[in-house]
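Position 86 of the sequence shown, counting from 1, maps to 86 under UniProt numbering, and the rest follow consecutively. Where a beta carbon is used, it is the ideal one built from N, C-alpha and C, also for glycine. I have placed the structure first, in the form of structure tokens, so that the comments after it can refer back to it.
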Amino acid sequence: MAATIPAAFFWPPPGNYLSTVDTTPVPMRHGLDPGTLNGYGDMVLGFVYAYLPPPPVSTAATLSAAAATTEDGEGIDRISGLPDDLLRRILSRLPAKDGARTAALSTRWRGLWRSAPLVLVDTHFLPRGGAEGRPPSPDAVSRAVRRAVSAALRAHPGPFPFVSLSCGFMKAVDRDRTVLACWFQLLATKGVEELVFVNRPLPLQGLRLPASLFSCASLRRLYLGAWRFVDTATLPRGASFPRLHELVLGAVALEDRDLDFLLAASPVLEILAIVGSVLKLNARLASHSLRCAQFCLALLEEVAVVDAPSLERFFIWRCVKQRHGARVKIGHAPRLSMLGYLEPGVHVLEIGNIVIKSGTMPSPKTTIPSVKMLALHLHFRMRNEVKMLPAFLRCFPYVETLCIQSEETREPTGELDLKFWQETSPIKCVQTQLKRLVFREFHGEEGELAFLMFIAENARLLEEMLLVMELRRPSAPEELCARMKALETTTWASGSNKVEYMLSRPGVGGGSAWSLKAGSDFKHNDPFLCLFKMQTQ
């Protein structure tokens, strides 16, 4: 006998759910009041939400057939005349609540719905508003969404190829632990392949994910946000993610041993992204399958590429601890071709077992010849950072594309002029390899111009020097024009002036130098420049 579809599964009633096309802030679309987030939490969750994959179904679509009538004026049901396999494919492309409503049509439709793959997205169950049009409270949203999700998981036998749960608001209380344990017990039997599971609030004292997460052996992509991670020390031997290809952890309370366990338990993992780690993290990357590793806004004390023979992309962006001397170690990574954003004078760079210092000269033990694209972030009015820049560049002798993210500082320690660069020993990548330089957030400072003059006068193969400037009036326009004229008319080693200019609005284009999604997209062979073009269109 076919199961009865619980009434809670149909909540909210038609016409009372959030449209997929609206202008509300992104956090509100996940049932959040943006005003309840602090600055750091808002930024971290913003990165996470921007990365999340779009559901393969949309509430904007409707299921209907062209009207047709007989001579007597009676309607003709054309959809029911389609083969079962085709109807299942149609049902699998409907939101869960719409697919469930078809089960009320007939016994045949009930059986079709139960045998079709189900896409479950909890934002499809969000209410539009409360009394007098005010947004409902997070607790009200949470209770309603939980009823609908629980009903769907119980009513449908699976498979569930895509599940997105981002507005549950679970706390470290027994009631929520029970719901969470029940969900994962059900998900483990439903063949879920892509799982988005984002919570609120941030998990300093938040709810820990249950060990049954590792029972979801069919997972290929996993996106977790605002949780305490599973206590891996208590997991049974053999716990693993045998099919996991991509893992994103946003604002997850994760210990060093947990990351070690995850990498060891995911034998085909290719993409790892950690955004806004809650605990201090010393990350050790040891994985034969990993191709891309990204750390963004994390409390990163040290990150070490220990043994990653397949690693191609390694990105660090705005990690909190790196402003206080975080250590970046690069050991065995023979295929590493894209690296950024290193911070000369802030990061302690260690290649093999050798710490790179301002006077370190290149040797086979201090260079990484596989890197073709390098991104650096520094303050040109901080002397110690600029002094380390030549040493960092010498570590990557075959760089063809160099991206510089320049940043102003409120406490400058002095600029280094052109004389510093003229007295600098030769830098191989500049002289023999560099083809493209992108300089973001160009302010026209003397230290910036000195570096650009050095590139112009030494880069023999240079094809493009792109300077990205904010659209604002410079404090000394005549002085800036004179400096730029000197750059354009200097003796270019490549034979002619290669400077191009591009203006960006504050905080857009050149000011937004990173995107997790583009960083892990292997279709883009030039992710830094591709990002720039995407952001300025």
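Helix, strand or coil for T401? Go by DSSP, reduced to three states.
In the structure shown, T401 sits in a strand (DSSP, three-state: E or B).
Between which two residues does the beta strand (DSSP E) containing residue 538 stretch?
An answer regarding residue 538 cannot be provided, because it is not within the stretch 1 to 537 covered by the chain.
Could you tell me whether the Cβ atoms of W183 and G206 are closer together than 8 angstroms?
For W183 and G206, no; Cβs fall outside 8 angstroms.
Less than 8 angstroms between the C-beta atoms of C404 and R436, yes or no?
In the sequence as displayed, the identity of residue 404 is Ile instead of Cys. It is not a contact, given that the beta carbons lie outside the stated cut-off.
Using only the alpha-carbon positions, how far apart do L378 and E343 sit?
If I take the Cα positions, the gap works out to 6 angstroms.
Once DSSP output is grouped into helix, strand and coil, what is the label at I356?
Note: I356 maps to coil in three-state DSSP.
How big is the Cα-Cα spacing for D526 and M465?
Cα to Cα, the separation comes out at about 16 angstroms.
Short of 8 angstroms in beta carbon distance, which residues of its chain neighbour F454, apart from the five on each side in sequence? Order them along the chain.
Same-chain partners within the cutoff: L418, W421, Q422, T424, V430.
The beta strand (DSSP E) that contains K523, what's its start and end?
Counting along the chain, K523 falls outside any beta strand (DSSP E), and DSSP gives it neither H nor E.
Between the Cα of V179 and the Cα atoms of E193, V145, G191, which residue gives the shortest distance?
Per the Cα distances, V145.
What is the DSSP secondary structure of G46, counted as helix, strand or coil?
G46: helix per DSSP, three-state reduction.
Give the straight-line distance between the Cα atoms of G191 and S137, rounded to the nearest whole angstrom.
Approximately 33 angstroms, taken between the alpha carbons.
What does a CB cutoff of less than 6 angstroms around L153 pick up in its chain, not counting 5 residues either side in sequence?
L186, listed in sequence order.
Starting from W183 and walking both ways along the alpha helix (DSSP H), at which residues does that stretch end?
Segment 174 to 187, the alpha helix (DSSP H) holding W183.
Using a threshold of 8 angstroms, state whether the C-beta atoms of V371 and H347 are closer than that.
No, Cβ-Cβ distance for V371 and H347 is not below 8 angstroms.
Give me the DSSP bridge partner(s) of S164.
S164 is bridged to V121, V196.
Would H156 be called buried (16 or more neighbouring beta carbons within 10 Å of its own) or exposed?
With 16 or more other Cβ atoms within 10 Å, it is buried.
Using DSSP's beta-bridge definition, name the partner residues of R284.
Answer is A304, bridged to R284.
DSSP state of F169, grouped into three classes?
F169 falls in the coil class under three-state DSSP.
Measure the CB-CB distance between A286 and V306 and report whether it falls below 8 angstroms.
Yes. Within cutoff.
My output table needs one value for S212: the three-state DSSP class, helix, strand or coil.
S212: helix per DSSP, three-state reduction.
Name the residue from L449, L254, S240 whose alpha carbon lies nearest to the alpha carbon of E479.
When only C-alpha atoms are compared, the closest one is L449.
Could you name the residues of the same chain whose beta carbon sits closer than 8 angstroms to that of L516, not counting the 5 residues immediately before and after it, in chain order?
For L516, where only same-chain residues beyond five positions count, the Cβ hits under 8 angstroms are F47, A50, Y51, V248, A273, V275, Q294, C296.
Tell me whether G495 is buried or exposed, calling it buried when 16 or more other Cβ atoms sit within 10 Å of its Cβ.
Exposed, by the Cβ-count rule.
Where does T70 fall in DSSP's three states?
Unreliable positioning characterises T70 in this predicted model, as indicated by a pLDDT of 49, which lies under 50. A coordinate reading is not provided.
Compare the C-beta of A482 against all C-beta atoms of chain C and say whether one is closer than 8 angstroms.
The chain labelled as chain C is not found in the depicted structure, where only one protein chain is given.
Compute the Euclidean distance between the alpha carbons of M170 and T189, then round it to the nearest angstrom.
Each residue's Cα considered, the two are about 22 angstroms apart.
Assuming V430 is part of the alpha helix (DSSP H), what are its boundary residues?
Its alpha helix (DSSP H) spans residues 428 to 432.
Could you spell out the range, first to last residue, of the alpha helix (DSSP H) harbouring I368?
I368 -> no alpha helix (DSSP H), and no H or E assigned at all.
By Cβ distance below 8 angstroms, which residues in the same chain neighbour S337 in space, the five residues on each side in sequence not counted?
Around S337: E312, R313, S370, V371, K372, M373.
Ignore the nearest five residues each way along the sequence and tell me which others in S218's own chain have a CB closer than 7 angstroms to its CB.
These residues qualify, in order along the chain: G191, V192, E193, R243.
With a threshold of 8 angstroms on Cβ separation, who are the neighbours of E407 within its own chain once the five nearest residues in sequence on each side are excluded?
So the list reads H377, L378, H379, E441, once near-sequence residues are dropped.
By the DSSP assignment, the beta strand (DSSP E) with K329 in it spans what residues?
Element bounds for K329: 327 to 332.
Taking DSSP as the reference, what is the three-state secondary structure of A482?
Reduced to three states, the DSSP call for A482 is helix.
Going by beta-carbon coordinates alone, are A253 and F214 separated by less than 8 angstroms?
Their beta carbons are not under 8 angstroms apart, which means A253 does not touch F214 by this criterion.
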